[in-house]
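Below: the structure, in structure tokens.
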Amino acid sequence: MNMNPANTNTTDDDHVNAAADDDDCHDLILGQWERQHLEWSAKQGRILTDSGNALRYYSRENGFPFVPSELPHYYLERGDSDIVFKQWAKIMKDKQYTSPIIGVWDRPIFAGRWEHTTNEDEIVYNVQTATLFVDLRIPRSKPVMNWEKLLKHPQQQHVHDLHSSRQEEAFQSMSGQDLRMFARQHVFGGFSLLSTMEGDVTHACPTEHHRSLLCCTRHHCIDWNYIPRKPRPRPNKWYIDMLLSKDDEESASNSNTTSVGKSPLPSCNVWKELSYSTDENGQCYYYEIWKRRIGDKRGEGLRLAMRRKRNRELDVVGGDDNIDGIFVVVGDHFNYILGRTSRRHENKYYHVANLVELVDTAIEHGDRETAISYLSLDGGHGTISSGWKIDCSIQPWHHGMRVFDRIGGDGGVKVVVESSGDDCDFFAWDITIGNSSWEIYECSVGTAIELEILLNHNGDDNSRSRL
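Below you can see the structure in the form of structure tokens.
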């Protein structure tokens with residue numbers, strides 16, 4: 007390109023050179039974007055673990071011992087999370103336990119040491135009932151529009167075909183670099199157990215304020231980052247520090263309790279998650295601020311928590327017919343998560359610690375089969391008011407799909423709710439969604455028929471008005 011400002015004459019060569027410079031600039035920007043996206047999971051991990059120091063903080067020597075049953079994947083690895091979680095849910099119902107963090111939560115900030123991310127960096131839908139949760143985190147750098155177009159489901163297509171052969175087609179259409187990019191997102195689901203730390207002398211609370219806080223331990227049964235026989239080595243355990251309004255503070259003072267029983271702390275619109283263990287300075291080494299999303303009714307409206315029924319006879323066979331699943335609803339919002347589909351030809355990479363490392367290693371070895379197998383786990387978010395349609399998903403080609411067509415495994419499914427006992431006891435209700443069976447852990451709807459009407463709501467006001 008002619009760089010002499012006195013010469014105003016341009017030639018064809020000048021235009022060609024200018025275009026080449028623009029292409030180089032575009033490639034540079036694209037490279038920066040790709041590097042930023044590929045770095046997303048690593049940065050999340052550094053913040054969450056204080057660059058790998060968290061395991062040292064969770065130790066008896068540091069004043070924070072734990073037992074194996076507190077580990078997030080303990081019951082998943084033991085193979086009985088369905089039994090244990092159902093028992094916990096029944097205890098919650100019998101004792102009328104509840105939780106101040108029931109709701110649908112955005113995450114404005116996630117910070118630790120000198121790093122942080124915000125909701126300008128990732129989209130977060132954390133749907134928490136009093137029992138089950140599904141936590142979805144999608145980096146905004148994810149090329150969603152590109153992958154939405156990979157496989158847009160036609161309305162006349164049987165969704166069962168979409169979930170099997172057509173989903174395979176979507177993954178096979180991705181390059182190795184696409185698969186690596188696809189791995190940089192997160193969703194996990196399970197059960198949240200609350201307890202008070204008041205009077206507990208087994209750990210060293212950093213302050214008296216922390217001693218008065220509720221503590222949450224999350225147990226995961228489906229987890230994007232989980233690799234079999236490579237469970238997370240420390241608890242997913244944290245304090246709940248609520249920002250209460252003046253009225254809420256008075257209510258909390260009058261209740262004179264920090265229990266999770268009949269008189270819990272009031273709900274709030276903003277709360278802070280603080281690491282349970284502390285660093286060498288006695289400080290919580292990470293925190294997350296959670297802000298209530300519009301439409302969750304402060305957790306005081308509709309609540310529903312369901313899990314896909316397990317067929318133990320199919321455990322060895324695997325496949326789509328026996329994948330795990332969770333479906334949670336609070337207010338107008340829902341989240342879902344479905345376990346990955348087991349494939350017969352998976353190679354083992356024993357030195358990797360998480361899914362991102364596994365996918366990167368598999369692609370490096372030309373092993374697309376293993377990478378795609380681990381990436382088959384799915385999760386997403388949507389709203390009832392849209393007609394139960396998915397609007398944010400791990401697999402973006404499902405955007406716009408009715409969620410029951412996704413989790414039911416068949417096209418145009420009708421949700422059937424039947425009572426095998428007391429019609430007012432949701433533990434006695436059987437849920438059929440397409441070709442899958444589900445059981446309820448928590449439900450604010452009074453009868454089976456009312457729930458069936460709600461779940462078949464099509465987006466207008468007529469079906470909901472019958473409740």
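Take the sequence shown: its position 90, counted from the start at 1, is 96 in the numbering used here, and no numbers get skipped. Here a beta-carbon is modelled for each residue, glycine too, at the ideal position from N, C-alpha and C.
- Note that the C-beta distance between Arg143 and Glu128 is below 8 Å.
- The C-beta distance from Arg298 to Trp444 rounds to 27 Å, too long to fall under 8 Å, and the pair is not in contact.
- Contact between Val193 and Ile343 holds: their C-beta atoms lie close to 6 Å from each other, under 8 Å.
- Ranked by Cα distance from Gly307, the options Glu294, Gly337 and Trp296 are led by Gly337.
- An exposed status is given to Ile89, since fewer than 16 other beta-carbon atoms sit within 10 Å of its beta-carbon.
- Contact between the stretch 430-447 and the stretch 395-408 is not established, with fewer than three Cβ pairs separated by less than 8 Å.
- Boundaries cannot be given for Gln289, as no alpha helix (DSSP H) includes it and DSSP labels it neither H nor E.
- Residue Ser283 holds the alpha-carbon nearest to the alpha-carbon of Tyr245 among Phe177, His387 and Ser283.
- Within the model, the alpha-carbon separation for Gln50 versus Ser57 is close to 10 Å.
- A distance below 8 Å between beta-carbons, with the five flanking residues on each side excluded, links Leu249 to the following residues of its chain, in chain order: Cys274, Asn275, Val276, Trp277 and Lys278.
- Boundaries cannot be given for Gln191, as no beta strand (DSSP E) includes it and DSSP labels it neither H nor E.
- In terms of CA proximity to His43, Gln191 leads the group Asn242, Gln191 and Gly388.
- When only Cα atoms are considered, Asn328 and Ser348 end up about 10 Å apart.
- Cβ-Cβ separation between Val133 and Val334: approximately 5 Å, consistent with a contact (criterion under 8 Å).
- Check the Cα spacing between Ile108 and each of Glu126, Gly118, Val140 and Asn360: the tightest is with Val140.
- One thing to note: Asp431 has its Cβ no nearer than 8 Å to the Cβ of Thr453.
- Listed in chain order, the non-local C-beta contacts of His351 below 7 Å within the same chain comprise Glu375, local neighbours out to five positions each way being set aside.
- Per DSSP, Asn464 is not a residue of any beta strand (DSSP E), being assigned neither H nor E.
- Counted as a single uninterrupted DSSP element, the stretch harbouring Trp435 is not any alpha helix (DSSP H) but the beta strand (DSSP E) occupying residues Trp435 to Ile439.
- If you ignore the 5 residues before and after Asp285, its C-beta comes within less than 8 Å of the C-beta of Asp56, Asn59, Tyr63 and Tyr291, all in its own chain and listed in chain order.
- Bridge pairing for Cys398: His387 [DSSP].
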